[in-house]
Amino acid sequence: MISIVVPVFNEALILKKNILQLFEFCQNSFKEDWQIIISDNSSSDRTPALSQELSAQYPAIKYFHLSQRGKGLAVIAAWQKFPADIYVFMDADLAVDLTALPALVTALKSGSDIAVGSRFLDASQVERSFGRRLVSFSLHLILKIFFHLQVADAPCGFKAVNQKVITQIIPLIKNQTWFFDTELLVLAEEKHFLVQEIPVIWREPKSSARQSKVSLLRVIVEYLKNIYQLRRRLNQ
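In the numbering used here, the protein residues as written are 1 to 236.
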């Protein structure tokens, strides 16, 4: 079973189109059983209603509601609630082209514990502003200095893990927000789990109908704070 979690918060504008696109892709790409879990962080728009409609119409689509917010919480809680052999999460905007999804799954079938979509590999194709490229590269350098992290693109919202990670690493994660998957990678590398990076096609969302809900500056400040806190914790 492949369990694909899509964390959402007030995504009514893009939800139905993108979930159905993912559904059709999985139908055409996977022979084994799979499920899509819409993990809702207490949305206040039509996200819950649309998710429930999709879940009622398509048995492979599940709706999971949380009253507490936090991207990390949404992903981890859904992974823990819906057992699988391979656990995936991807961002709702589908900025990563779905053509990379089979490679993500194949990496785990081939023995990797974690597979990570990376925008920094030579084979990757990235449409992104210079400012965001610079921020991502700077964060990579900071993570390398603080944790000797080998993964080049820790924040990329396109990852898969196996059951071993669910049982041995997930319980150790403290962060419940955007930083949770970076913490996951730091802890996994520290414990010598096998991590494989996958090239992706990445397009920065440009739709005027859906503006970013999170200030880039606020994300950077929060990210740096979480790096400092994780470093202190690991040094204790």
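For every residue, glycine included, the Cβ atom is placed at its ideal position computed from N, Cα and C.
Bear in mind the structure is a predicted one, so any value in this text is a computation, not a measurement.
- DSSP, read as helix, strand or coil, puts residue 115 in strand.
- Contact annotation: residue 85 and residue 163 have beta-carbon atoms nearer than 9 Å.
- Residues 42 of the same chain have their beta carbon placed closer than 6 Å to that of residue 67, with the five preceding and five following residues left out of the count.
- Residue environment: residue 186 is assigned as buried (16 or more neighbouring CB atoms within 10 Å of its CB, all protein chains considered).
- Here DSSP, grouped into helix, strand and coil, assigns residue 199 to strand.
- In this structure, 156 is the residue among 156, 123, 144 and 145 with its C-alpha nearest to the C-alpha of residue 88.
- Residue 127 has 203 as its beta-bridge partners, per DSSP.
- Secondary structure at residue 103: helix, using DSSP grouped into helix, strand and coil.
- Annotation for residue 35: the continuous beta strand (DSSP E) segment containing it runs 34 to 41.
- Taking residue 46 as reference, the option from 127, 117, 16 and 229 with the minimal CA-CA separation is 16.
- In this structure, residue 74 keeps its C-beta atom at 9 Å or more from the C-beta atom of residue 171.
- For a cut-off of 8 Å, the C-beta gap from residue 23 to residue 58 is around 6 Å, short enough to register as a contact.
- Judged by DSSP secondary structure, residue 155 falls outside any beta strand (DSSP E); it is assigned neither H nor E.
- Taking all protein chains in view, the Cβ of residue 119 is crowded by 16 or more other Cβ atoms within 10 Å, so the residue is classified as buried.
- In this structure, residue 99 lies near residue 201, with their beta-carbon atoms less than 9 Å apart.
- If you look at residue 19, you'll find it in the alpha helix (DSSP H) that goes 15 to 29.
- Here residue 235 is exposed. Its C-beta has fewer than 16 other C-beta atoms within 10 Å.
- Of the other Cβ atoms in all chains shown, fewer than 16 fall within 10 Å of the Cβ of residue 33; this residue is therefore exposed.
- With a cut-off of 8 Å on Cβ pairs, the stretch 218 to 236 is in contact with the stretch 134 to 151, counting three or more such pairs.
- Contact annotation: residue 227 and residue 182 have beta-carbon atoms nearer than 9 Å.
- Per DSSP, the unbroken beta strand (DSSP E) holding residue 66 starts and ends at 61 to 66.
- One Cα belongs to residue 175, the other to residue 56, and the distance between them is close to 32 Å.
- Residue 189 and residue 165 have their C-alpha atoms some 11 Å from each other.
- By the Cβ neighbour-count rule, residue 90 is buried, with 16 or more other Cβ atoms within 10 Å of its own.
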